[in-house]
Amino acid sequence: MTITFGTPAYFVIYTTRNQLRKQMRQIMKSIDQAEEKETVRLLVKGTSQQTIDDSIATLPFRGSLRVWLENNASSPCAIITFLPGLPHEVTVNTLQLEIIHKVSMIPGHDHRSIRNVGSCRYEVPGRRSKEGDAGLRCRTRVGDEWPNVMIEVGYSEPLRLLRFDAQWWLLNSGGRTRLVIIALVNQNPNSLHLETWEQVPNPNRRTRNSPPTVPFATNKIDVDSAGTVSPPLASLTIPYNVLFDAQHPSATDITFSTADLAGIATDIFADF
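Rendered as structure tokens:
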């Protein structure tokens with residue numbers, strides 16, 4: 001079992017699950033003690049999904065982890081994401097509650113019209129699996145069906161990693177996850193960066209083998225510590241047919257105005 005932590009030059013070989021648990025405890029301890037919190041990702045190579053699951057199942061901080069697994073028989077690997085506690089959870093909870101509230105205001109709907117499926121693991125059989133931060137899906141989807149909307153939150157981490165997460169959901173859900181919201185939060189100074197990702201027509205499609213659609217960031221919004229939204233008059237819209245699988249006589253898209261976005265960011269910053 002090979003574990004990569006921090007820079008690509010840092011590699012440690014582990015042969016037991018206890019050693020892996022010990023490393024994870026050390027990472028969580030360092031996050032807890034750090035004055036400036038950040039999201040940490042740990043790459044584990046050469047081990048199975050079962051080994052990873054067994055290694056972390058009994059840890060007291062399981063809720064602070066997200067796991068991405070690549071089930072390649074020749075080179076299995078996993079990325080374990082360590083979440084920095086309060087800043088991450090506040091952002092996730094604020095965003096999902098705001099969406100549920102907006103949905104409840106659509107005529108003929110209430111707060112039960114859309115469900116939070118939390119950080120459940122979703123699997124692509126024989127290939128890979130992933131846990132997101134928060135998924136939302138309509139009531140007509142049951143069991144292990146994919147969420148309509150996924151939220152991924154990062155805290156003081158490279159934006160490219162969140163974008164990779166967004167693309168994963170869109171590419172692997174078979175069109176079931178229709179929109180991904182990524183949120184990157186930073187402190188000192190406080191800031192919130194939001195993006196919505198969707199499948200759009202492939203602008204570079206030249207052959208029949210080229211995919212007809214590709215993941216693309218359809219909206220990018222920034223809110224600074226003063227609550228100023230950029231670009232000015234920006235809004236974030238989630239179409240009704242993204243949130244629900246069936247049309248409704250009162251079908252209405254939900255929109256977060258500039259004032260809404262400023263208020264969401266201010267609420268998040270207040271808990272830092």
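Taking UniProt numbering, the leading residue of the sequence shown gets 1, the next gets one more, and so forth.
Yeah, the Cβ is synthetic: ideal placement off N, Cα and C, and Gly gets one too.
Nothing here was measured: the structure is a model prediction, and the numbers come from that model.
Where residue i sits in the DSSP three-state scheme
i, result
"Met-105", "coil"
"Ile-151", "strand"
"Thr-7", "Bear in mind that a pLDDT of 43 at Thr-7, under 50, signals an unreliable position, so the number given afterwards is only what the model happens to contain. Here Thr-7 sits in coil by DSSP."
"Met-1", "Since pLDDT at Met-1 reaches only 47, below the 50 mark, its modelled position is unreliable, and the value read off the structure follows with that caveat. Met-1 falls in the coil class under three-state DSSP."
"Ala-217", "strand"
"Gln-247", "coil"
"Ala-259", "helix"
"Gln-199", "strand"
"Ser-30", "helix"
"Glu-89", "helix"
"Asn-18", "helix"
"Glu-98", "helix"
Nearest to residue i (by Cα), restricted to the options the options
i, options, result
"Glu-195", "Thr-51, Leu-20, Val-90, Val-185", "Val-185"
"Ser-230", "Val-40, Ser-191, Arg-163, Glu-89", "Ser-191"
"Asp-53", "Ser-113, Val-40, Lys-29, Met-24", "Met-24"
"Gln-247", "Ser-113, Asn-18, Thr-213", "Ser-113"
"Cys-138", "Ala-265, Asp-110, Leu-161", "Asp-110"
"Gly-175", "Trp-197, Ile-182, Ile-27", "Trp-197"
"Asp-222", "Ser-48, Ser-119, Ala-251, Ala-259", "Ala-259"
"Ala-234", "Asp-224, Asn-219, Tyr-240, Ser-225", "Asn-219"
"Gly-227", "Ile-268, Glu-157, Trp-146, Arg-21", "Ile-268"
"Asp-271", "Asn-241, Ser-225, Leu-86, Gln-49", "Leu-86"
Chain B contact for residue i (CB, 8 Å cutoff)
i, result
"Asp-260", "Protein chain content of the structure displayed is limited to a single chain, and chain B is not contained in it."
Contact check, residue i vs residue j, beta carbons under 8 Å
i, j, result
"Leu-243", "Asn-148", "yes"
"Val-92", "Asp-133", "yes"
"His-193", "Leu-159", "yes"
"Ile-151", "Gln-199", "no"
"Arg-205", "Pro-212", "yes"
"Leu-43", "Arg-128", "no"
"Thr-39", "Thr-81", "yes"
"Tyr-155", "His-101", "no"
"residue 274", "Asn-172", "Nothing in the structure corresponds to residue 274, since the chain is present only between 1 and 272."
"Val-153", "Ala-166", "no"
"Arg-41", "Leu-162", "no"
Anticipated Cβ contact below 8 Å, residue i with residue j, distance rounded
i, j, result
"Ile-106", "Ile-238", "Not quite, the Cβ-Cβ distance comes to about 11 Å (not below 8 Å), so this is no contact."
"Asp-253", "Thr-140", "Incorrect: roughly 19 Å between the Cβ atoms, too far for contact."
"Gly-108", "Ser-210", "The pair is not a contact, with the Cβ atoms about 41 Å apart (cut-off 8 Å)."
"Val-67", "Glu-157", "So it is not a contact: roughly 16 Å between Cβ atoms."
"Ile-264", "Thr-94", "6 Å"
Just list the beta strand (DSSP E) runs in the segment 121-148, keeping only unbroken ones of 3 residues or longer that don't cross its boundaries, in chain order. At a cut-off of 3 residues, the continuous stretches assigned as beta strand (DSSP E) that sit fully inside the segment 121-148 are 121-124, 128-131, 134-138.
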